[in-house]
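Notes follow the structure.
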Amino acid sequence: MSLSVSLTVNGTVRDVVLDDPRVTLLDLLRERLDLTGTKKGCDRGQCGACTVLVDGRRINSCLALAVSHDGADVLTIEGLAQGDELHPVQAAFIAHDGFQCGFCTPGQIMSAVGLIQEGQTGDDPERVREGMSGNLCRCGAYAGITEGVIAAQRILAGQNLAEQNLAELERKQVV
Amino acid sequence: MNIFDFVKPATITDAVAAASEPGAAYLAAGTNLLDLMKGGITRPTRLVDVNHLPGLDRIEHLPDGGVRIGSLVRNADLAHDLDFARRFPAVAEALLSGASPQLRNAATAGGNLLQRTRCAYFYDVASACNKRHPGSGCDARGGENRLHAVLGWSEDCIATHPSDFCVPLVALDAVVEIEGRAGRRELPLESFHRLPGNTPEHESALEPGELIVALRLPGDAAGFSAHARYLKVRERTSYAFAVVSAAAALKLDGGTIGEARIALGGVALKPWRCRAAEEALAGAVPGAGVFRAAAEAALGDARPSGDNAFKIELARRVVTRALTLAAAGTPERVAALPASPFASGTASGSGVHPHV
Ligand SMILES: Cc1cc2nc3c(=O)[nH]c(=O)nc-3n(C[C@H](O)[C@H](O)[C@H](O)COP(=O)(O)OP(=O)(O)OC[C@H]3O[C@@H](n4cnc5c(N)ncnc54)[C@H](O)[C@@H]3O)c2cc1C
Ligand code: SF4
Ligand code: FES
Ligand code: FES
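Chains A and B, in that order, give the protein sequences. Quick note: the first sequence uses full-length UniProt numbering, first residue 1, plus one each step. Quick note: the second sequence uses full-length UniProt numbering, first residue 1, plus one each step.
Pasting the structure below:
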């Protein structure tokens with residue numbers, strides 16, 4: 001059986017012919033598109049290493065069938081930085097020691113990007129920890145992860161505010 | 001994972017026809033089904049993808065104050081719908097205590113109802129399991145069974161149903177809307193899941209090919225919104241299934257309880273409505289003694305199925321605490337640690353350390 005899917009991955013349309021419907025979104029990214037930044041930890045929805053954004057929402061790509069996501073817009077860790085400029089969440093993980101071995105890190109970072117967009121936690125570390133509970137870290141870098149997420153959230157909120165102010169000024173034709 | 005045929009029907013009628021073939025299974029998000037297929041526990045020969053069926057992803061607020069939840073509504077979207085959470089706070093709290101944010105973003109309302117047990121022997125294809133392989137025996141009997149059922153179990157199966165969502169739903173008289181080849185029918189959620197008896201492989205009232213299209217909560221259920229809680233005891237603070245959980249909802253008339261609703265999770269192969277406990281509370285003045293008596297009534301028929309006698313007393317305490325929390329009033333916002341006994345503000349008295 002031949003099945004084809006068309007996905008937008010990190011802004012580029014990718015058409016993939018699958019010879020098998022069993023391919024998960026995780027395996028498609030890693031094995032077919034060579035995007036190995038997304039990690040396979042448990043492969044069963046228990047660790048979060050495979051977290052990516054699909055249509056703007058964080059999900060576990062190991063429990064998503066690729067054929068069921070035809071037409072989806074996927075963002076992976078490879079699509080986060082703008083050229084050499086790291087995404088604020090990436091920069092904050094470095095600044096706050098949010099990792100040790102780094103295996104869980106792409107999933108942690110994608111999950112943090114999703115969490116910040118969901119906008120449910122504010123600066124409350126307990127809510128951030130709960131909101132990141134779907135991502136396990138074998139090295140136990142949790143303290144730095146929580147700090148990094150809160151710091152990145154502040155920076156992104158500031159950027160949003162700056163963009164809104166600029167848009168407002170443009171609307172009023174000040175600039 | 002076995003090979004299967006994949007179909008993506010465009011209409012509900014086509015989906016029902018495609019799923020009525022022997023060996024077919026519906027695929028929603030796949031967060032339970034794919035896990036089971038990877039382990040070789042279920043081996044469907046055809047997957048019928050329901051994700052693109054029209055009209056099933058809506059939350060409709062009904063004129064009577066109730067709500068209709070399409071079967072494809074994602075768990076996170078329902079929990080974060082402000083109108084829904086305000087009217088049915090215990091349901092939102094239960095949803096937010098389940099799985100992880102990623103899983104809740106994907107998991108659907110219909111899939112949550114039909115998720116399978118987490119019994120480790122069911123998951124291990126080398127073990128005997130009457131549910132997975134009828135007639136093979138039950139390795140949970142005499143095995144690791146601390147977390148198994150204390151209500152409604154049979155000699156053939158002592159597993160529990162793992163859903164959090166279903167617990168407040170069954171307390172609040174939710175109805176399941178089902179579409180099959182013969183048309184549409186509906187069923188109270190309370191009679192949707194089956195107890196194991198001597199056919200533990202038959203888990204729900206669905207006939208082959210039947211599709212859950214929606215769940216409904218009646219307007220009357222919103223009448224509990226001021227005093228409704230979900231409490232879930234886990235072996236770690238979050239991202240874990242319930243050892244025991246309880247939904248408690250009260251209507252308070254002046255100084256007395258007008259009506260009470262109680263259901264338990266993690267104790268049986270279905271979400272367990274505790275009608276005897278509800279009756280014990282009706283007309284009573286809320287207080288510690290009354291709540292403990294209701295908890296005794298709730299667990300009246302309980303008996304251990306293995307090394308799990310502790311769950312009976314734990315469940316009594318969870319019911320007592322959930323009632324105490326409900327009587328104190330639904331908080332403005334779901335706690336940082338949803339449904340957790342360790343959440344701030346869930347201690348049963350001021351200054352009391354939150355132990356169950
Ligand atoms: C690591 C992990 C932790 C979890 N923790 C919790 C927890 O704490 N609490 C909790 O409640 N749940 C928990 N879950 C379970 C999770 O909630 C379920 O996997 C999820 O709700 C299933 O929804 P789905 O859309 O992915 O269903 P699927 O996996 O797609 O389907 C599940 C079953 O339902 C059937 N089905 C789906 N939709 C329909 C329909 N409309 N009509 C008829 N049949 C249908 C499928 O055929 C399948 O048999 C956890 C899961 C994982 C992987
Ligand atoms: S308790 Fe039920 S699910 Fe678990 S091994 Fe026994 S028969 Fe199977
Ligand atoms: S690899 Fe997907 S959750 Fe672990
Ligand atoms: S940094 Fe090593 S697993 Fe998280």
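All C-beta atoms in this analysis are idealised placements derived from N, C-alpha and C, irrespective of residue type, glycine included. Note that the structure is predicted; figures quoted are calculated from it, not measured.
{"Item": "Counted within 10 angstroms of its Cβ, other Cβ atoms place residue 8 of chain B as buried (16 or more) or exposed", "Value": "buried"}
{"Item": "Given residue 5 of chain B as reference, the closest of B/21, B/12, B/99 once Cα atoms are compared", "Value": "B/21"}
{"Item": "Distance cut 6 Å, beta-carbon to ligand 4 heavy atom: residue list by chain order", "Value": "A/99, A/100, A/101, A/102, A/103, A/104, A/105, A/137, A/138, A/139, A/141"}
{"Item": "Candidates B/287, B/327, B/210, B/107, of which the one nearest residue 19 of chain B by Cα", "Value": "B/210"}
{"Item": "Residue burial classification, residue 15 of chain B (beta-carbon count within 10 angstroms, cutoff 16)", "Value": "buried"}
{"Item": "Whole-angstrom C-beta distance between residue 243 of chain B and residue 235 of chain B, which should lie under 8 Å", "Value": "6 Å"}
{"Item": "Integer-rounded CB distance, given that residue 25 of chain A should sit under 8 Å from residue 3 of chain A", "Value": "Contact flag wrong, Cβ pair sits at about 14 Å."}
{"Item": "Sufficient close CB pairs (3 or more, under 8 Å) joining the stretch 149-164 of chain A to the stretch 22-29 of chain B", "Value": "no"}
{"Item": "Separation of residue 337 of chain B from residue 97 of chain B, as counted between CA atoms", "Value": "8 Å"}
{"Item": "Simplified DSSP assignment, three categories, for residue 127 of chain B", "Value": "coil"}
{"Item": "8 Å contact criterion, which residue 196 of chain B and residue 269 of chain B should meet: CB distance rounded", "Value": "5 Å"}
{"Item": "Per-residue DSSP class, three states only, for residue 356 of chain B", "Value": "Confidence in residue 356 of chain B is poor, its pLDDT being 43 and thus under 50, which makes the residue's placement too unreliable to answer from."}
{"Item": "Ligand 1 heavy atom lying under 6 Å from the CB of residue 241 of chain B", "Value": "yes"}
{"Item": "Three-way DSSP call (helix, strand, coil) for residue 188 of chain B in this model", "Value": "strand"}
{"Item": "Own chain partners of residue 329 of chain B with C-beta closer than 7 Å, once the 5 adjacent residues on each side are dropped", "Value": "226, 227"}
{"Item": "Proximal chain A residues relative to residue 38 of chain B, where beta-carbon distance stays under 8 Å", "Value": "43, 44"}
{"Item": "Any C-beta of chain A under 7 Å from that of residue 101 of chain B", "Value": "yes"}
{"Item": "Complete runs of the alpha helix (DSSP H) confined to the stretch 46-129 of chain B [at least 4 residues]", "Value": "75-79, 82-87, 89-96, 101-106, 109-113, 120-123"}
{"Item": "Buried versus exposed, by CB contacts within 10 Å (16 or more), residue 279 of chain B", "Value": "exposed"}
{"Item": "Beta-carbon neighbours of residue 64 of chain A, restricted to chain B and to distances below 9 Å", "Value": "29, 30, 31, 34, 106"}
{"Item": "C-alpha gap between residue 342 of chain B and residue 313 of chain B, whole angstroms", "Value": "19 Å"}
{"Item": "Residues of the stretch 133-148 of chain A with Cβ closer than 9 Å to any Cβ of chain B, in chain order", "Value": "133, 134, 135, 136"}
{"Item": "beta-carbon residue 135 of chain A near ligand 3 non-hydrogen atom, thresh 6 Å", "Value": "no"}
{"Item": "CB of residue 92 of chain A within 7 Å of CB of residue 148 of chain A, strictly", "Value": "yes"}
{"Item": "C-alpha gap between residue 146 of chain A and residue 134 of chain B, whole angstroms", "Value": "47 Å"}
{"Item": "Heavy atom of ligand 2 within 6 Å of residue 121 of chain B beta-carbon", "Value": "yes"}
{"Item": "Check: residue 38 of chain B C-beta below 6 Å from any heavy atom of ligand 3", "Value": "no"}
{"Item": "Stretch-stretch touch, CB-based, cutoff 8 Å, three pairs: the stretch 41-58 of chain B with the stretch 177-186 of chain B", "Value": "no"}
{"Item": "Near-chain B residues of the stretch 63-88 of chain A - C-beta to any C-beta below 7 Å", "Value": "63, 64, 65, 67, 68"}
{"Item": "Inter-stretch contact at 8 Å, needing at least 3 Cβ pairs: the stretch 108-119 of chain B / the stretch 61-72 of chain A", "Value": "no"}
{"Item": "C-beta neighbour in chain A for residue 6 of chain B, strict 7 Å", "Value": "yes"}
{"Item": "Distance cut-off 6 Å: residue 35 of chain B Cβ against heavy atoms of ligand 3", "Value": "no"}
{"Item": "Neighbour flag for residue 49 of chain B against chain A, beta carbons, 7 Å", "Value": "yes"}
{"Item": "As assigned by DSSP and simplified to three states, the class of residue 35 of chain B", "Value": "helix"}
{"Item": "Distance CB(residue 213 of chain B)-CB(residue 71 of chain B) smaller than 7 Å", "Value": "yes"}
{"Item": "Nearest-angstrom beta carbon gap, residue 76 of chain B and residue 105 of chain B [assumed within contact, 8 Å]", "Value": "5 Å"}
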